[in-house]
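Numbering (the working numbering), first residue to last: 1019 to 1181. What follows is a single structure, written as C-alpha cells, with notes after it.
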C-alpha cells in the first residue's frame, strides 16, 4: 500500500480570499463616497500646493524635495494605498520623517489644518472628508509618536494625545 500524500494547498487560501475581499470592500466603500483616483490626485496636488506656500511647512519641504512631480506621484500612490488599500505604495514614510530634525506637534497640527482645508474644498460627498481626515489624523499621530519616542524615549510619548 502506498501512502496518500496530502494534496497541495490551493494558491488562494481562505485567509488570502478574506484579505482580498477586505481590500475590495475598503476600496468599494471609498469609491461609493467619491474617493476615486481623480479625487486622490486632486487632493494631493492641492494639498502640496498649500504646503509649498505655507510659511511653516514650505521651507521643510523645499530643502528636501527637488523633484516635485516624482514626489507628488509617490504621494498619490501612498494615499491610494491608504484609502483604497491598493498596495501601490512602497516606501518608508516613518524613516523619512524621523530624519527631519526639529519636527514637533506644531508641524503636524499645521499639516492637519492644511489637509482639512484642502478636503473642505474638494469633497463632493459629505462622508468623504471625515473618512479621509480620520486616516490623515491617524498617520500624523503615528508619525509624531515615533518621532517623540525616537528623540526623547518611550516615557515622553506617554503624555501625547491623538490629534
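Glycine included, each C-beta is placed from N, C-alpha and C at the ideal position. On a predicted model such as this, the values are computed, not experimentally measured, just so you know.
Excluding the 5 residues flanking residue i on each side, which residues of the same chain have their C-beta closer than 6 Å to its C-beta?
i            : result
residue 1096 : 1107
residue 1154 : 1133
residue 1174 : 1166
residue 1083 : 1089
residue 988  : Because the chain here runs from 1019 to 1181, residue 988 falls outside it and cannot be looked at.
residue 1052 : 1142, 1143, 1146
Grab me the residues of residue i's own chain with a C-beta within less than 7 Å of its C-beta, minus the 5 sequence neighbours each way, in chain order.
i            : result
residue 1164 : 1112, 1116
residue 1147 : 1137, 1138, 1141
residue 1058 : 1094, 1097, 1098, 1101
residue 1070 : 1076, 1079
residue 1168 : 1116
Candidates the options: which alpha carbon is nearest residue i's?
i            : options                : result
residue 1127 : 1109, 1140, 1172, 1151 : 1151
residue 1067 : 1086, 1051, 1081       : 1086
residue 1170 : 1120, 1143, 1156       : 1120
residue 1124 : 1074, 1034, 1056, 1055 : 1074
residue 1050 : 1176, 1149, 1156       : 1149
Here's a check: name, in chain order, each residue in its chain whose Cβ is nearer than 8 Å to the Cβ of residue i, leaving out the five neighbours to either side.
i            : result
residue 1135 : 1068
residue 1109 : 1092, 1096
residue 1072 : 1128, 1132
residue 1118 : 1078, 1082
* the region 1154–1162 contacting the region 1046–1064, beta-carbon criterion three pairs below 8 Å -> no
* Determine contact between the region 1084–1094 and the region 1039–1046, defined as no fewer than three beta-carbon pairs at a distance below 8 Å. => Output reads no: the region 1039–1046 does not touch the region 1084–1094.
* Pick out the complete alpha helix (DSSP H) segments inside the region 1070–1127, 4 residues or longer, and give them in chain order. => 1076–1080, 1086–1102, 1111–1116
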